[in-house]
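Just so we're aligned, residue 1197 is where the sequence shown starts under the working numbering, counting upward by one.
Here the structure is laid out as structure tokens; the discussion comes afterwards.
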Amino acid sequence: MMEVFHTVSTKAILLGNEAIARGIVESGCLVATAYPGTPSSEILPAVAKFADELASPMAVEWGVNEKVAFEMALAASFTGVRSCAVMKQVGLNVAADPFMSAAHFDLKGGMLLVTADDPGPHSSQTEQDSRYFAMFAKVPCFDPATGAEAKEMVFDAFDLSERFGIITMLRPSVRVNHCRQSVDLGEIRTRDEEAKFVKEPSRWVCLPASVKVNHPRLNRKVEDIRTAFETEFSKYNYEVPAKKESVLGIVASGVSFSVVMDMLKGWGREDVSVLKIGTPHPLPLKMVTEFMARQPKVLFLEETYPVMELQLPDRTGILGRWNGVVPGAGELLPEVIASILAPLLGREAGPGGEDPLLKQALEDLKVTPRRPMLCPGCPHRASFFSIRQALPNAVNPSDIGCYTLGVNQKAVDAVVDMGASVTMGSGFYLAHKASGTERPVVSTIGDSTFFHMGLPGLASAVYNRHSFVLAILDNSTTAMTGGQANPSVGTKLRKGDEGRKVDIEGACRGCGVTFVKTLEAYDVRKGKEVIAEAWEYARERREPAVVIFRHPCMLLRPEQSSIPVRVDPGKCIGCKFCINFFNCPGLVFNEETKKAFIDERFCVSCGVCVSVCPHGAIEAVQEEGR
């Protein structure tokens, strides 16, 4: 294989995710796929951007879900080309089935899996550690400490993948994904390989009998990779020795290393030795154990689970999660690491909790922190209000996305994962049926999530004749993760690359649904009527009914008529119904006057709240000249 290098000698300040994307393009990857999910969402759009700028022939596509994205990339690697799949940590749950199988294949082309983790978590339903999945599947994992290092690791991960015929994982965490750093924009590798799939069923067909050969081979690969990590990857695995006699040794991985080094420098400590590990699985055991033997005591810092700790033959001599020195949950923020290090180094940890300067600034600016809520004018708010008004006693399972925030309107009763709103609808129906009772069930799901994982549950509900209403909240984008396209939108990432829009109504009818109605989400009166009608249909016919509430996301700034509103203080009785059940940032309650009012800083004049107040206190304002 021959590689041609085109020199691009420049630097740029990039988001960590953009640095990863740049590495993917520069490495000669030909197929990149993903499903959006914070903190990974910016990677694939940046891949498309850099691919366009550098005239790369690579294919860049969103998969309908993470499993689909992973399997597309995996098949591409079977042909000998480099491929990459990108997702967040809970997305790997969806792709776990092919991921576990992929580890047993002897891959032809390099394949990189980028899984962005969310310690905290900040925008996820778990703070699980993808490195555990690397251990589970027995694949090598790179854990970057910075965005620039993450970019560099992309190249080595592809090379390692091709060298050992194994999928490799790059696992940045949220602080690496969203850092900004000066990054070298280096040489672009143009690889002369073309896709050539050779029919070898013994290699590419995953059979139980193959495990007898594949699993022992995989075990050998892991040990060979461990040796490589011990001897060849000193740029990621290295010691920063103490300048004075060491009083503490720290083994740190990922962003924890960056935090520790900054902290020790700020404290002026030269009596602490630090071993950086950028390849936590398989752990370079010899390097780690030799480091431990030279230290009076050793602290392990890694996010989020004790992956390095668990690979040690004996943990009794270390400080870490196993003995509670390091917290077993939550992000290792600088203040958390400081609270761990301070007592070990005989110093005060410093003040914890809220930053007093931030607190004072908030007081001076009169900023009142708000809990997360749907944006002003969000069509989902009107849809939820229609559903609650039509069937106030209904059980309302929902899904992962913006619409999870319907909990603020008391319109969401249960959320598990993507697609579960549909299958929970079936479960709630079955529980009531089996106990001889009846209660309406209205599930809510977004357009992207419906295609992601809603279709199988809907087909199952039709087949088994489950009576519930599925409300699909179609805002024509994947809103919560940044406005990415999905099958209901039809657009693609690369310039000149055309997609095809998939009709939600047609997909529902294709699953066998006979009641499918679409309406304008802002029409609250019509929404109440259709939801009530759909439930009666589902109840009488013993089958699911689908209602599609459609209106573009307000962040897309669609053209729409402006309907300014006001609250008539004479009619407002201070019941807070509009606050509790509509929950719009533009509606605020004055605790002194005990009246609601319109906050014009947030109101977008959608006019929907006119239908909300049971006392008619919210009214449209006729503008002059209209």
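Glycine included, every Cβ here is placed at the ideal spot set by N, Cα and C.
{"Item": "With the cut-off set at 7 Å, would you say Pro1294 and Glu1267 are in Cβ contact?", "Value": "yes"}
{"Item": "So is Gly1526 buried or exposed if we call it buried at 16+ other beta carbons inside 10 Å?", "Value": "exposed"}
{"Item": "Taking all protein chains shown into account, decide if Gly1812 is buried (16 or more other Cβ within 10 angstroms of its Cβ) or exposed.", "Value": "exposed"}
{"Item": "Since Ser1469 is in the beta strand (DSSP E), which residue starts that stretch and which ends it?", "Value": "Val1468 to Ile1473"}
{"Item": "According to the neighbour-count rule (16 or more other Cβ atoms, all chains shown, within 10 Å of its Cβ), is Cys1402 buried or exposed?", "Value": "exposed"}
{"Item": "For Asp1609, which residues from the same chain have a beta carbon less than 7 Å from its beta carbon, with the 5 sequence-adjacent residues on both sides left out?", "Value": "Val1591, Asn1592 and Pro1593"}
{"Item": "Per DSSP, Ala1208 forms a beta bridge with which residues?", "Value": "Val1379"}
{"Item": "According to DSSP, which residues form a beta bridge with Ser1794?", "Value": "Checking the sequence, you will find Ile at residue 1794 rather than Ser. DSSP lists Leu1783 as partners of Ile1794."}
{"Item": "Is the beta carbon of Val1494 sitting closer than 7 Å to the one on Ile1514?", "Value": "yes"}
{"Item": "Taking Cβ positions, are Gly1474 and Tyr1432 nearer each other than 7 Å?", "Value": "yes"}
{"Item": "Let me know the secondary structure DSSP gives Phe1329 once reduced to three states.", "Value": "helix"}
{"Item": "Whose C-beta lies closer than 8 Å to the C-beta of Glu1435 among residues of the same chain, with five residues either side of it excluded?", "Value": "Ser1469, Val1470, Leu1471, Lys1472 and Phe1487"}
{"Item": "Judging by CA-CA distance, which residue of Ala1792, Lys1713, Arg1278 and Met1750 is the nearest neighbour of Val1800?", "Value": "Met1750"}
{"Item": "Using the beta-carbon count (16 or more within 10 Å), is Gly1597 buried or exposed?", "Value": "buried"}
{"Item": "Given that a residue counts as buried once 16 or more other Cβ atoms are within 10 Å of its Cβ, and exposed if not, what is Lys1417?", "Value": "buried"}
{"Item": "Closest to Met1620 by C-alpha separation, out of Pro1340, His1648 and Ser1656, would be which residue?", "Value": "Ser1656"}
{"Item": "Using DSSP with H/G/I as helix, E/B as strand and the rest coil, what is Asp1510?", "Value": "coil"}
{"Item": "Whole-angstrom Cβ separation of Cys1802 and Phe1778, contact assumed at under 8 Å?", "Value": "With 8 Å as the limit, Cys1802 and Phe1778 do not qualify as a contact, their Cβ atoms being about 12 Å apart."}
{"Item": "Going by C-alpha distance, which of Ala1281, Asp1458 and Lys1263 is nearest Ala1255?", "Value": "Ala1281"}
{"Item": "How is Tyr1432 classed by DSSP in three states: helix, strand or coil?", "Value": "coil"}
{"Item": "Tell me the residue span of the beta strand (DSSP E) that contains Glu1358.", "Value": "Looking at the DSSP string, Glu1358 is not in any beta strand (DSSP E); the run it does join, the alpha helix (DSSP H), is Gly1343 to Phe1360."}
{"Item": "Would the beta-carbon of Ala1242 fall within 7 Å of that of Glu1214?", "Value": "yes"}
{"Item": "In this structure, how does DSSP classify Cys1337 when only helix, strand and coil are distinguished?", "Value": "strand"}
{"Item": "If you run the structure through DSSP and keep just helix, strand and coil, what is Ala1298?", "Value": "helix"}
{"Item": "Count the other C-beta atoms from every protein chain shown that fall within 10 angstroms of the C-beta of Pro1476, then say buried if there are 16 or more, exposed otherwise.", "Value": "buried"}
{"Item": "DSSP three-state call for Pro1593: helix, strand or coil?", "Value": "strand"}
{"Item": "Residues bridged to Glu1739 by DSSP?", "Value": "Bridge partners of Glu1739: none, in fact."}
{"Item": "Which of the three DSSP states is assigned to Trp1518 in this structure?", "Value": "coil"}
{"Item": "Using a 10 Å radius around the Cβ and a threshold of 16 neighbouring Cβ atoms, would you call Leu1479 buried or exposed?", "Value": "buried"}
{"Item": "Could you tell me whether the segment 1720 to 1738 touches the segment 1640 to 1654, where touching means 3 or more Cβ pairs closer than 8 Å?", "Value": "no"}
{"Item": "At a cut of 8 Å, does the segment 1679 to 1688 reach the segment 1697 to 1705 through at least three beta carbon pairs?", "Value": "yes"}
{"Item": "Please identify the residue among Asn1660, Ser1398 and Ile1536 whose C-alpha is closest to the C-alpha of Val1455.", "Value": "Ile1536"}
{"Item": "Beta carbon of Gly1678, beta carbon of Ser1237: below 7 Å?", "Value": "yes"}
{"Item": "I need the DSSP call for Pro1810, collapsed to helix, strand or coil.", "Value": "coil"}
{"Item": "In angstroms with no decimal places, state the Cα-to-Cα distance between Lys1562 and Phe1798.", "Value": "16 Å"}
{"Item": "Does the Cβ of Tyr1659 have 16 or more other Cβ atoms within 10 Å, making it buried, or fewer, making it exposed?", "Value": "exposed"}
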